[in-house]
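Enquirer: Let me give you the structure first, and then I'll get to my questions.
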Amino acid sequence: MHTSKVLSGKDTAVAVYASFKNRLDILSKKGIIPGLCVILVGDNPASQIYVKTKSKKLQSLGLRSKNIYLNNDVSQNELIQTINGLNQDLNYHGILVQMPLPSHIDSQLIINSIDSTKDVDGFHPENVGWLSIGKPRFIPCTPKGIMKIFKHYNIELSGKDIVVIGRSNIVGRPMSILVSSNGEWSNGTCTICHSRTKNLEQYTRNADVVISAIGKPNYLKADMIKKGSIIIDVGINRVEAENDKGYKIIGDVDYNSVIDKVSFITPVPGGVGPMTIAMLVENTIEAAEQYIP
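Using the numbering used here, read the sequence shown as starting at 1414 and increasing by one per residue.
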């Protein structure tokens, strides 16, 4: 009934993966197989599923994939030594440390220890800096995926009022840079809202585009948005449900509440999530392309 309003990350990802073929062929002719190594610390079930999904997708495209599993009590120095070894390993062009890390480990120190030319998450300070001056090397996967969705559906942001809910280095901050940058598919006017924002609904009601990464299930409802707005739901919230798994995944947006009011919306699941993985693949390919002679 509302399929014309749905911005499908799955459909966008199919088109994106098809676009990788020529790039992978060029790398193959040069004897280069893009490789990604993911390090997972501990036994978080959600992280394990996510890591396996990444690995399966990479392998299906003919890329090299390796997962390193470390115990929850691994020392910070041991983790850094593992990363240092991968920094020198020419078989792996991308290194990703799955977050979150245990509390005894300094996450930023770990990110800083990754070779910035292999930082396919785009979290290293060097890569954050390149993005902030408009010359990105690796763009964080979720914001990059959202921009690809806009492009796939020919949604122009120029001149639009855009509200980003959330200020993390993973989504909110890089997202605000991308939508407001001076370039094709950008040039929006961006406001960042967060947990300390007073009267948040005053901002969202005036927004042409709302990108929610607040991590609160069904938080954004119809009375908080204006008619005809575009909603991008980054939320991945696990809530109890009477099914075989005992839970279901829902977004930050109350989908059924807003669907009649929006012009476009990303579903959860099947919206932003597939594009995050697609952009990790692309960033791994880009990392390998640095080695083309």
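The beta carbon of each residue, even a glycine, is placed where N, CA and C say it ideally should be.
What number of angstroms, rounded off, separates the C-alpha of residue 1666 from the C-alpha of residue 1672?
Expert: So the alpha carbons of these two residues sit roughly 10 angstroms apart.
Enquirer: Give the list of continuous alpha helix (DSSP H) stretches no shorter than 4 residues that lie fully inside the segment 1457–1509.
Expert: The qualifying runs are 1458–1473, 1489–1500.
Enquirer: For residue 1425 versus residue 1688, is the C-beta spacing smaller than 8 angstroms?
Expert: For residue 1425 and residue 1688, yes; Cβs fall inside 8 angstroms.
Enquirer: Give me whichever residues DSSP pairs with residue 1677 in a beta bridge.
Expert: 1643, per the DSSP bridge assignment.
Enquirer: The beta strand (DSSP E) spanning residue 1651 covers which residue range?
Expert: Where residue 1651 is concerned, the enclosing beta strand (DSSP E) stretches over 1650–1653.
Enquirer: Go ahead and pull the three-state DSSP assignment for residue 1532.
Expert: If DSSP states are grouped into helix, strand and coil, residue 1532 belongs with the strands.
Enquirer: Can you give me the Cβ contacts of residue 1661 inside the same chain, cut-off strictly under 7 angstroms, excluding the 5 residues immediately before and after it?
Expert: Answer for residue 1661: 1652, 1654, listed in chain order.
Enquirer: Please identify the residue among 1636, 1626, 1674, 1479 whose C-alpha is closest to the C-alpha of residue 1643.
Expert: Checking every option, the nearest Cα to that of residue 1643 belongs to 1674.
Enquirer: Alpha carbons only, please: which of 1575, 1485, 1676 is nearest the one belonging to residue 1417?
Expert: Ranking 1575, 1485, 1676 by Cα distance to residue 1417 puts 1676 first.
Enquirer: Provide the residue span of the beta strand (DSSP E) that contains residue 1661, from first to last.
Expert: Run containing residue 1661: 1660–1663, per the beta strand (DSSP E) assignment.
Enquirer: With 16 as the cutoff for other CB atoms within 10 Å, does residue 1443 come out buried or exposed?
Expert: Burial call: exposed.
Enquirer: If distances are taken between C-alpha atoms only, which option among 1604, 1419, 1448, 1529 comes closest to residue 1701?
Expert: Here the closest residue by C-alpha is 1448.
Enquirer: Can you grab the Cα-Cα spacing for the pair residue 1590 / residue 1483, in whole Å?
Expert: Spanning the two alpha carbons is a distance of roughly 34 angstroms.
Enquirer: Go ahead and label residue 1695 buried or exposed: buried means 16 or more other beta carbons lie within 10 angstroms of its beta carbon, across all protein chains shown.
Expert: By the 10 Å Cβ count, residue 1695 comes out buried.
Enquirer: With a threshold of 7 angstroms on Cβ separation, who are the neighbours of residue 1670 within its own chain once the five nearest residues in sequence on each side are excluded?
Expert: If we look at residue 1670 and ignore the five residues flanking it on each side, its Cβ neighbours are 1634, 1635.
Enquirer: How many angstroms separate the CA atom of residue 1626 from the CA atom of residue 1638?
Expert: For residue 1626 and residue 1638, the distance between alpha carbons rounds to 16 angstroms.
Enquirer: Measure the alpha-carbon distance for residue 1544 versus residue 1552 and round it to whole angstroms.
Expert: Looking at the two C-alpha atoms, the distance is approximately 7 angstroms.
Enquirer: Measuring straight from C-alpha to C-alpha, what distance separates residue 1557 and residue 1423?
Expert: Their Cα atoms are separated by approximately 15 angstroms.
Enquirer: Can you find the residues in the same chain that come closer than 8 angstroms, C-beta to C-beta, to residue 1630, ignoring five residues on each side of it along the sequence?
Expert: Taken in chain order, the residues that qualify are 1648, 1650, 1652, 1663, 1664, 1665.
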